[in-house]
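In this note's numbering, the protein residues as written are 1 to 369. Below is one structure, written out as structure tokens; the observations come after it.
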Amino acid sequence: MLLRSNLRLLLAQLEQLAETPYFSTRFEAYISELSDVIVRLLERLQSVDNPINLELAATLADHIWFLTRFLTGSTTKQIPYEVTFAIERAVKEWTDRELLITTAILQESNFYFMGGSEAFFAAVESELQIVIASRPVQIALPYIYRHKPLFCVPLFHELGHFVDNDNKIVDTSLLLSPATSGPDLPDLPTSAEIAALPDLERSLATAEVVSHRQEYFADLFSASYVGNALSGFLQEFCPDQPKSDSHPSSVSRDKLLADFSSGTPNPVIEMFQEALKARGLPELRARATSIALEASFGNVRPFTPASDEELFGLFESAWNFLQTQWAAPTGPWVHFPEDDRVRLVNDLTEKSIRNHMLVEGWNASIDQQ
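Here it is as structure tokens:
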């Protein structure tokens, strides 16, 4: 009873989401495909001639429920459309697959990434003969930051986790540079110390190396697009964070990002560059152009990025502008209290990204004529 009821409730929710005005036809297609899966599941659950295994049906239903959680945040006014646009533009460099950025809004101070299960998509295709064209990149962010693009820069870090998982970058780094041969990571035992451990302890130490490499890669990936805006945000969001099994310390993360920004040789960065080269992927490098915002933001007017490089550069430049106006406001900004300065700089950043979206859309429509 409950399984069928849950499926019908999920179908009703998807039908409601499908009626929500949204600018992306890809979302509409994705919702339609998930709806088709539910309809087919219900048919098979009631079929005498071609029944479906109940355990498999329950597993598929649970996964649809999970996917719907992220869709709910993606089809309302809560979604950070402008940041999502920038993320979608960034990920195109790393995959040829049709991806869909979906978001969940959290009532907590946390960001995270969840990948869609390929086993789910494969089971839907083999068991129900339904092909879901897009693959979701599911990202969660705090509710209070939904319209604060400068406070959403960790979403590029979460995108880095997706790129890593999708391309097996850290896995490749372990093949080329095992935990027992280096490079040594800050806060962790040296590679020689790990190699000398008994099997069980060595396995646990290697798992910690894997987790730290994953975080370092995601940091470097994010910095490739938003520059020092990431380190600036992390220094305030999680200052003085000690080392844990899953994350490096704040000090170690800051040091790696500073080396990447300044071009200082670092064996961890070199390790990832070798792994990326082995996978035939782009290298880690700055993809953003610094923008002078004094003439626009300085007069409380948005900027219009003329390229993707300026689009990405907007995050670091706007973050630096906010830091300056927070500490020592100039011009019209001297009349705004602190909270208004934060709100206005984020609003201007949103509007600037939107300007780029509008100009790009307008130019594309002209080219099609």
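No residue lacks a Cβ here, since even glycine has one placed at the ideal position from N, Cα and C.
For residue i, which residues of its own chain have a beta-carbon under 7 Å away from its beta-carbon, when the five flanking residues on both sides are left out?
| i | result |
| --- | --- |
| Ser177 | Pro183, Met271 |
| Glu294 | none |
| Glu93 | Pro282 |
| Ser224 | Leu284, Arg285, Ala286, Arg287 |
| Pro189 | Ala205 |
| Glu236 | none |
Considering only residues of the same chain and omitting the five flanking positions on each side of residue i, which have a CB-CB separation below 6 Å?
| i | result |
| --- | --- |
| His247 | Glu215 |
| Ser252 | Pro186, Asp187 |
| Ser109 | Pro142 |
| Phe121 | Ile132 |
| Lys351 | Pro302 |
| Trp319 | Leu150, Ala229, Gly232 |
Hey, would you say the C-beta of residue i is under 7 Å away from at least one heavy atom of the ligand ADP?
| i | result |
| --- | --- |
| Ala192 | Only the bare structure without any ligand can be found here, which leaves the ligand ADP out of the picture. |
Could you give the distance in angstroms between the alpha-carbon of residue i and the alpha-carbon of residue j?
| i | j | result |
| --- | --- | --- |
| Arg40 | Leu7 | 11 Å |
| Leu10 | Glu43 | 15 Å |
| Phe233 | Pro80 | 18 Å |
| Gly227 | Met1 | 52 Å |
| Pro154 | Ala90 | 14 Å |
| Val268 | Ala179 | 12 Å |
| Glu82 | Phe312 | 12 Å |
| Glu338 | Gln323 | 11 Å |
| Ala86 | Ala192 | 42 Å |
| Thr102 | Gln129 | 24 Å |
| Val137 | Gly116 | 7 Å |
| Val37 | Phe162 | 25 Å |
| Arg341 | Cys152 | 17 Å |
| Asn266 | Leu257 | 10 Å |
| Glu208 | Gln325 | 40 Å |
| Arg213 | Asp240 | 19 Å |
| Ser249 | Pro242 | 5 Å |
Assuming residue i contacts residue j (C-beta within less than 8 Å), just tell me the rounded distance between them.
| i | j | result |
| --- | --- | --- |
| Leu100 | Arg135 | 7 Å |
| Ser211 | Asp245 | 6 Å |
| Gln13 | Thr68 | 6 Å |
Identify every residue that forms a DSSP beta bridge with residue i.
| i | result |
| --- | --- |
| Arg135 | Leu99 |
| Leu106 | Pro142 |
| Phe113 | Ile139 |
Grab me the residues of residue i's own chain with a C-beta within less than 8 Å of its C-beta, minus the 5 sequence neighbours each way, in chain order.
| i | result |
| --- | --- |
| Glu283 | Gln273, Leu276, Lys277 |
| Arg26 | Glu98, Leu100, Ser134 |
| Lys255 | Pro186 |
| Ala57 | Leu3, Leu41, Arg44, Leu45 |
| Tyr143 | Gln78, Ile105, Leu106, Gln107 |
| Ser317 | Ser290, Ile291, Ala292, Leu293 |
| Arg279 | Asn167, Lys168, Ile169, Thr172 |
| Ala195 | Thr180, Ser181, Arg202 |
Would you call the stretch 15-34 in contact with the stretch 45-54, where contact means no fewer than 3 C-beta pairs closer than 8 Å? The stretch 15-34 is not in contact with the stretch 45-54.
When you compare the stretch 200-208 with the stretch 301-316, are there three or more beta-carbon pairs, one atom per stretch, that lie closer than 8 Å? Look at the beta carbons and you see the stretch 200-208 not touching the stretch 301-316: under three pairs across the two are nearer than 8 Å.
So, do the stretch 343-357 and the stretch 145-160 have three or more beta carbon pairs nearer to each other than 8 Å? Judged by pairs of C-beta atoms under 8 Å, the stretch 343-357 touches the stretch 145-160, as three or more such pairs exist.
Count Cβ pairs between the stretch 59-66 and the stretch 164-180 that sit closer than 8 Å; are there 3 or more? Counting C-beta pairs closer than 8 Å gives fewer than three between the stretch 59-66 and the stretch 164-180, which falls short of the contact rule.
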